[in-house]
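Data block below; observations after.
Residue numbers (our numbering), protein chains in the order written: chain L, 183 to 456; chain V, 39 to 312.
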């Protein structure tokens, strides 16, 4: 029976991981798309990857070091780019290359088979354990609470950070909390989705939602629906055809995005008043 | 440059009435470029002050010093009699409406015109609180004042430049400010509408007893709307005083480094390059 797979404990954990990775990645993806910080997110995801590899090398929990590295990058790149002493793209580019270089160096230093390191790279949702799942659920709840409680401040920040600040809104604080949560999301999604693919799972559902509505609360909701649907369908396809789960999930999300772009042209842009 | 005519008060001269804005030897720099060179400047409560000068003279920076967006390198700023610092800045900003220079808004921005105006209320409403009925009424009144009721539910990014500028003015008014900072508020608005908007601003300035700082390149409108003008060049205040005393051929020709002709016409002051 098809439903027999649900009786396996690893599959139950994988389904829960798909659900919560789908929710937190797609919610934070709305920030990334809205604030145009995609490059910054790539640098953060590579930092998380490097941290996890270092964890494997040193025998420390990879999730812990992935979290430390991604938060370090998020908290370093954000303020440095803000200060204006350096071009934000330069800061992101240097950080990205540093982290990628370190990550590959650490992989080279790992002795014996590098299966676990590759799992961090490609993701392996079927091997997620309960501790990782609890961290993921806690993070998802934190993100939902953050968005629910600070929705109006988030809306103002997304519109224009300078204007939000001028109106007395702590827009910088909200921005840094968003960066912190983005870093955390990337770190906890490394195992199920993979360091190279997590970025796509963050961007694609949010970018798809943007094609369908121009109301921020609807974008958040649609992004969750699209993200979790992509995670579940990708997981089933990968199980059925014995494919890499992370890669399949991401490819499904790309397909959904492309289909949406073709079928739902942005009517709102056509409304421009001249 | 020869010393220009000024009628500047000393910032700490207590006999000159209630100063709502006081700047003392303020320096602002962006990297090695100094945007303001030791600017001292006071504005009395209820004044309508024009700020005039060539591009890059520090007009916008002067406005952003008042709402704490500019990073002050040296000097003291007092707003409502309180020193502007990290501790007081958010509280002060809530009472300072700001209309920045017009920048075209991304058509995909997920906010309606009404939501963009509501941002002006968010600082007053505070964190973790939702807009109340009176906030919605204030927003609707502000939108009606600028003649945008018909477009309130439209996506802000799909409005024309002039309409977006009206919405920016409505947002600043919705803040119920005591100080209004206007940075070329009519630059994207057609000529007949410019007059309407300027008259509206002047009327609101009087009825709401606002203190208004108004940056403009259109010097001809200054006598009609401004009580005093500040003439700026290279980050310094070159002259400050009543419009007719300051907008002279000599002063303007000096700061614009070009022969400027000023003559009085029935319709007002006409200022043009010779």
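Glycine included, C-beta positions come from ideal geometry on N, C-alpha and C.
Computed from a predicted structure; not experimentally measured.
{"Query": "By how many angstroms is the C-alpha of residue 397 of chain L removed from the C-alpha of residue 191 of chain V?", "Result": "11 Å"}
{"Query": "Given a cut-off of 8 Å, decide if residue 254 of chain V and residue 59 of chain V are closer than it, judged by their beta-carbon atoms.", "Result": "no"}
{"Query": "Name the chain V residues whose beta carbon is nearer than 7 Å to that of residue 397 of chain L?", "Result": "148"}
{"Query": "If I measure Cβ to Cβ from residue 289 of chain L and keep anything under 7 Å in the same chain, skipping five residues before and after, which residues do I get?", "Result": "235, 296 and 299"}
{"Query": "Report the three-state DSSP secondary structure of residue 116 of chain V (helix, strand or coil).", "Result": "strand"}
{"Query": "Tell me whether residue 208 of chain V, by its Cβ, gets closer than 7 Å to a heavy atom of the ligand COA.", "Result": "In terms of ligand content, the structure shown is empty, and the ligand COA therefore cannot be addressed."}
{"Query": "Chain L beta carbons: is any one of them nearer than 8 Å to that of residue 67 of chain V?", "Result": "no"}
{"Query": "Does the pairing of the region 217-226 of chain V with the region 252-268 of chain V give three or more beta-carbon distances under 8 Å?", "Result": "yes"}
{"Query": "Hey, is residue 93 of chain V's beta-carbon within less than 8 Å of any beta-carbon in chain L?", "Result": "no"}
{"Query": "Over what stretch of residues does the beta strand (DSSP E) that includes residue 86 of chain V continue unbroken?", "Result": "86-90"}
{"Query": "Taking residue 417 of chain L as the reference, give the member of L:193, L:223 and L:186 with the closest Cα.", "Result": "L:193"}
{"Query": "What residue does the alpha helix (DSSP H) around residue 208 of chain V start on, and which one ends it?", "Result": "199-212"}
{"Query": "Could you run through the region 221-235 of chain L and flag, in chain order, every residue whose CB is less than 8 Å away from some CB of chain V?", "Result": "none"}
{"Query": "For residue 442 of chain L, does the count of other Cβ atoms within 10 angstroms reach 16, so buried, or fall short, so exposed?", "Result": "buried"}
{"Query": "Can you check whether the C-beta of residue 287 of chain V is within less than 8 Å of a C-beta belonging to chain L?", "Result": "no"}
{"Query": "For residue 354 of chain L, which of L:335, L:366 and L:368 has the nearest alpha-carbon?", "Result": "L:335"}
{"Query": "Is residue 350 of chain L close to chain V, meaning its C-beta is less than 8 Å from at least one C-beta of that chain?", "Result": "yes"}
{"Query": "Opposite residue 82 of chain V in the DSSP bridges: which residues?", "Result": "V:57"}
{"Query": "For residue 434 of chain L, collect the residues of the same chain with a Cβ closer than 6 Å to its Cβ; drop the 5 residues on either side in sequence, then sort them by chain order.", "Result": "412, 415 and 416"}
{"Query": "Considering residue 280 of chain L, what are the terminal residues of the alpha helix (DSSP H) in which it resides?", "Result": "270-291"}
{"Query": "Could you tell me whether the Cβ of residue 58 of chain V comes closer than 8 Å to any Cβ of chain L?", "Result": "no"}
{"Query": "Would you please verify whether the beta carbon of residue 335 of chain L is less than 8 Å from any beta carbon of chain V?", "Result": "yes"}
{"Query": "Does the beta carbon of residue 293 of chain L sit closer than 8 Å to a beta carbon anywhere in chain V?", "Result": "no"}
{"Query": "What is the DSSP secondary structure of residue 133 of chain V, counted as helix, strand or coil?", "Result": "coil"}
{"Query": "Can you give, in chain order, each stretch of the alpha helix (DSSP H) that sits fully within the region 316-390 of chain L and has at least 4 residues?", "Result": "333-341, 343-348 and 353-375"}
{"Query": "Does chain L have any CB closer than 8 Å to the CB of residue 174 of chain V?", "Result": "no"}
{"Query": "Taking the straight line between their C-alpha atoms, what separation do you get for residue 175 of chain V and residue 106 of chain V?", "Result": "28 Å"}
{"Query": "Do residue 346 of chain L and residue 157 of chain V have their beta-carbon atoms positioned less than 8 Å apart in this structure?", "Result": "yes"}
{"Query": "In whole angstroms, what separates the C-alpha of residue 247 of chain L from that of residue 367 of chain L?", "Result": "13 Å"}
{"Query": "Nearest-angstrom Cα distance between residue 137 of chain V and residue 344 of chain L?", "Result": "11 Å"}
{"Query": "Under 8 Å, with one C-beta from each stretch per pair, do the region 221-228 of chain L and the region 369-385 of chain L reach the 3-pair mark?", "Result": "yes"}
{"Query": "Residues of chain L with CB closer than 7 Å to the CB of residue 132 of chain V, please, in chain order.", "Result": "350"}
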